[in-house]
Structures are given as structure tokens and as C-alpha cells.
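Scroll down for the structure; my scribbles are underneath it.
In the numbering used here, the protein residues as written are 4 to 76.
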């Protein structure tokens, strides 16, 4: 059972390289209303501070997903 189906707001976070895969999985699971927060790819070559910066820039979208169920305003 998914967190969303239990009424727990969820923010799916993917990098820009994996948006198609995220949409494909979401649709296959019948969760078409669940939008992903997309951050810039790649992450593996970044320092911890650079990753923290990317996450910090995504926080407004993450909070919006938790509070409204939608990533876009």
C-alpha cells in the first residue's frame, strides 16, 4: 500500500534525466495525479553542499506537494 493511498502526502523527487521513467511508473501504478518534483541532473558528481543547494531550491515545490497534492502552483 502506498503512502498516498493511506492519506499521507508524498513528494516524489527525481532528477531531470528520469522524468519520463517517473511518469511511466506513476501511470503504471494508476497514480496519475501524483506529480514529481524535478531537480537538475546529475547529483552523483556534486559535493554535499551542492546537493543541499539543489534540495533547498526544491523545498517550495516539496512543501506545495505535501500541502496541496500538486507540485505546480
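Backbone N, C-alpha and C fix where the C-beta goes; we use that ideal spot for every residue, glycine too. None of these values were measured; they are calculated from a predicted model.
If residue 62 sits next to residue 39, beta carbons under 8 angstroms apart, how far is it from one beta carbon to the other, in whole angstroms? Along the chain shown, one-based indexing puts residue 62 at 59. Along the chain shown, one-based indexing puts residue 39 at 36. In fact, because the Cβ distance is near 15 angstroms, the residues do not count as touching under 8 angstroms.
What does the alpha-carbon distance come out to for the pair residue 12 and residue 68? Here the question's residue 12 lines up with position 9 in the chain shown. Here the question's residue 68 lines up with position 65 in the chain shown. Going by the C-alpha atoms only, they are around 7 angstroms apart.
Taking the alpha-carbon of residue 6 as reference, which of 22, 37, 27, 25 has the nearest alpha-carbon? The sequence position of residue 6 within the chain shown is 3, counting from 1. Measuring from the Cα of residue 6, the nearest candidate turns out to be 37.
From residue 25 to residue 65, what distance separates their C-alpha atoms? The residue given as residue 25 occupies position 22 in the chain shown. The residue given as residue 65 occupies position 62 in the chain shown. When rounded, the distance between both Cα atoms is 16 angstroms.
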